[in-house]
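Numbered continuously in numbering that gives the first Met the number 0, the sequence shown closes out at residue 247. Ideal placement from N, C-alpha and C gives every residue a C-beta, glycine not left out.
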Amino acid sequence: MADGTGIEWTEATWNPTTGCDRISPGCDNCYALTLAKRLKAMGNSKYQSDGDPRTSGPGFAITEHPSALDIPYRWSTPRLIFVNSMSDLFHARVSASFIRDVFQVMADTPRHTYQLLTKRPKRAANMAAELPWPSNVWLGVSVETTAQLWRLDELRRVPAATRFVSAEPLLGSLAGLDLNGIHWLIAGGESGPKHRELDPDWVRELRDECSDQHVAFFFKQWGGRTPKAAGRELDGRVWNEMPAPTRA
Numbered sequence: 000m001a002d003g004t005g006i007e008w009t010e011a012t013w014n015p016t017t018g019c020d021r022i023s024p025g026c027d028n029c030y031a032l033t034l035a036k037r038l039k040a041m042g043n044s045k046y047q048s049d050g051d052p053r054t055s056g057p058g059f060a061i062t063e064h065p066s067a068l069d070i071p072y073r074w075s076t077p078r079l080i081f082v083n084s085m086s087d088l089f090h091a092r093v094s095a096s097f098i099r100d101v102f103q104v105m106a107d108t109p110r111h112t113y114q115l116l117t118k119r120p121k122r123a124a125n126m127a128a129e130l131p132w133p134s135n136v137w138l139g140v141s142v143e144t145t146a147q148l149w150r151l152d153e154l155r156r157v158p159a160a161t162r163f164v165s166a167e168p169l170l171g172s173l174a175g176l177d178l179n180g181i182h183w184l185i186a187g188g189e190s191g192p193k194h195r196e197l198d199p200d201w202v203r204e205l206r207d208e209c210s211d212q213h214v215a216f217f218f219k220q221w222g223g224r225t226p227k228a229a230g231r232e233l234d235g236r237v238w239n240e241m242p243a244p245t246r247a
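Here it is in structure tokens:
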């Protein structure tokens with residue numbers, strides 16, 4: 000967990016699970032996989048189980064952390080919380096019972112707003128009827144190229160009050176993107192020594208689609224060797240639009 004974070008579109012992170020497996024091009028240079036390897040070497044107890052080397056890596060096996068479930072209860076001040084910055088809650092190896100436990104925590108703490116981001120929305124949609132969907136739980140999907148557009152269709156099957164798209168790292172044009180039923184879009188370039196370049200026109204296309212379809216638009220970064228290397232301005236301004244946090 001981190002009470003405070005460098006991620007521009009949230010205020011805190013909470014990791015009731017850690018670990019994942021790469022399943023699409025946006026995962027190729029996964030920051031979390033690299034960080035998990037470092038945390039394992041440092042002796043962090045949450046990152047001692049290794050994932051499949053073909054899709055995961057050192058310290059990055061899917062692991063449930065029941066001891067982390069009480070963290071949001073201890074945060075008395077309302078927070079915007081990114082759930083599982085180091086994992087994917089809807090990964091096939093996260094048990095259904097643990098997913099229900101995580102949702103119960105979120106339902107029990109309406110003072111916070113929770114942002115869940117997944118590359119596995121089909122499981123989220125299939126489990127939707129088993130889970131509470133209070134208004135303080137947002138659900139988003141990652142869409143890097145047109146090959147992942149199917150994730151939006153699955154997201155629309157989920158009764159989340161706020162649905163969002165993370166087009167980060169944006170790896171191709173998404174011109175004409177249908178944002179029906181979507182409330183927020185985050186776009187951003189890749190960072191790190193192997194980063195892939197971001198075409199400014201791809202970002203402008205998404206900004207204009209958001210404007211035309213009345214969807215909040217957030218531009219996180221151009222990317223580069225470091226996340227902040229090229230700044231955040233697009234056509235002379237910073238784009239920080241987002242839905243209002245849903246807190247009781």
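Which of the three DSSP states, helix, strand or coil, is assigned to Trp201? Translated into the one-based positions of the sequence shown, residue 201 becomes position 202. Note: Trp201 maps to helix in three-state DSSP.
Helix, strand or coil at Ser84 [DSSP, three-state]: On the sequence shown, residue 84 is found 85 positions in, with the first residue counted as 1. Looking at Ser84 - three-state DSSP - the assignment turns out to be coil, as it is neither helix nor strand.
CA-to-CA distance, Gln114 to Ala186, given in whole angstroms: In the sequence shown, counting from the first residue as 1, residue 186 sits at position 187. In the sequence shown, counting from the first residue as 1, residue 114 sits at position 115. Distance between the alpha carbons of Ala186 and Gln114: 16 angstroms.
Segments assigned beta strand (DSSP E), at least 3 residues, entirely inside the stretch 51–103: Whole beta strand (DSSP E) segments, 3+ residues: 79–82.
Nearest-angstrom Cα separation, counted from Leu116 out to Met105: Taking the sequence shown and counting its residues from 1, one reaches residue 105 at position 106. Taking the sequence shown and counting its residues from 1, one reaches residue 116 at position 117. Approximately 15 angstroms between the Cα atoms of the pair.
Closest to Gly50 by C-alpha separation, out of Val142, Arg73, Pro109 and Arg92, would be which residue? On the sequence shown, position 51 is the one that residue 50 refers to. Measuring from the Cα of Gly50, the nearest candidate turns out to be Arg92.
So does the stretch 134–148 actually touch the stretch 164–171, counting three or more Cβ pairs closer than 8 angstroms? Look at the beta carbons and you see the stretch 134–148 touching the stretch 164–171: at least three pairs across the two are nearer than 8 angstroms.
Where in the stretch 107–181 do unbroken runs of the beta strand (DSSP E), each at least 3 residues long, occur, reported from the N-terminal end onward? Correct list: 112–117, 136–141 and 161–166.
According to DSSP, is Lys193 part of a helix, a strand, or is it coil? Here residue 193 corresponds to residue number 194 of the sequence shown, with the count starting at 1. DSSP places Lys193 in coil when its eight states are reduced to three.
If you drop the 5 nearest sequence neighbours on each side, which residues of the same chain put their C-beta closer than 7 angstroms to that of Leu38? As a working mapping, residue 38 is identified with position 39 in the sequence shown. Closer than 7 angstroms at the Cβ level, and outside the excluded window around Leu38, lie Tyr46 and Gly58.
Let me confirm a value: Trp221 is counted as buried when at least 16 other C-beta atoms fall within 10 Å, else exposed. Which label applies? Against the sequence shown, residue 221 aligns to sequence position 222. Buried: at least 16 other Cβ atoms inside 10 Å.
Suppose the cutoff is 7 angstroms on Cβ atoms and the five residues either side in sequence are ignored; what does the same chain contact list for Ala159 look like? Numbered from 1 along the sequence shown, position 160 holds the residue referred to as residue 159. For Ala159, where only same-chain residues beyond five positions count, the Cβ hits under 7 angstroms are Trp132, Val136, Trp137 and Leu138.
Do you know how far the Cα of Asp200 is from the Cα of Gly175? Indexing the sequence shown from 1 puts residue 175 at position 176. Indexing the sequence shown from 1 puts residue 200 at position 201. In this model, Gly175 and Asp200 are separated by some 13 angstroms (Cα to Cα).
In the DSSP assignment, find the unbroken beta strand (DSSP E) run with Lys39 in it and report its ends. Counted from its first residue, the sequence shown places residue 39 at position 40. From DSSP, Lys39 is part of no beta strand (DSSP E) but of the alpha helix (DSSP H) over Tyr30 to Ala40.
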